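Counting in my numbering, the sequence shown runs from 269 upward without gaps.
Built from N, CA and C at the ideal position, the CB exists for glycine as well.
Quantities reported herein were computed from a predicted structural model and do not represent experimental measurements.
Shown next, in C-alpha cells, is the structure this report addresses.
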Amino acid sequence: MSCVRARASLSHPAFTGISRSHLGDLIEELAAPWTARCESALQDRRGRKRKRQAGAGPKRKLVFTDRVLVTLVHLRLQLPHAALAEL
C-alpha cells in the first residue's frame with residue numbers, strides 16, 4: 269500500500285476519533301512547536317547552530333503527519349507498536 273493511501277485510510281475518523289478537518293487543524297497547530305523542539309534538541313546535542321541547511325541529513329522514516337496519525341490511532345485503539353509498524 270502506498271504512503272498516500274495508508275495515510276488516507278488511517279486519517280478516517282473511525283481510527284483517529286476526530287474529523288479530518290480537525291486533524292488538519294491539529295497538525296497545523298502542532299507542526300511549528302514540534303519542529304522547534306526537534307531543532308532545539310539537535311542544537312543542544314551539537315552544542316552549536318547547524319552548519320548545513322535543514323534537510324541535508326538523513327531522511328526521517330515517518331514525516332510529522334504520519335507520526336501524529338500513528339499516535340492518535342495508538343491512543344484510540346491501543347494497538348501494539350508491532351501492529352502499527354505493519355501499517
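#1: Whose C-alpha, out of 326, 327, 306, is nearest the C-alpha of residue 317?
#2: Can you tell me whether residue 287 sits near the ligand ZN, meaning its C-beta is under 7 Å from at least one heavy atom of the ligand?
#3: Can you check whether the CB of residue 298 is closer than 8 Å to the CB of residue 337?
#4: Which residues in the same chain have their Cβ closer than 8 Å to the Cβ of residue 321, if we skip the five residues on either side of it in sequence?
#5: Which residues in the same chain as residue 281 place their Cβ atom closer than 8 Å to its Cβ, once the five residues preceding and following it in sequence are excluded?
So, from the listed chains and residues:
#1: 306
#2: Judged by which ligands are present, the structure shown has none, so any question about the ligand ZN falls away.
#3: no
#4: none
#5: 287, 288
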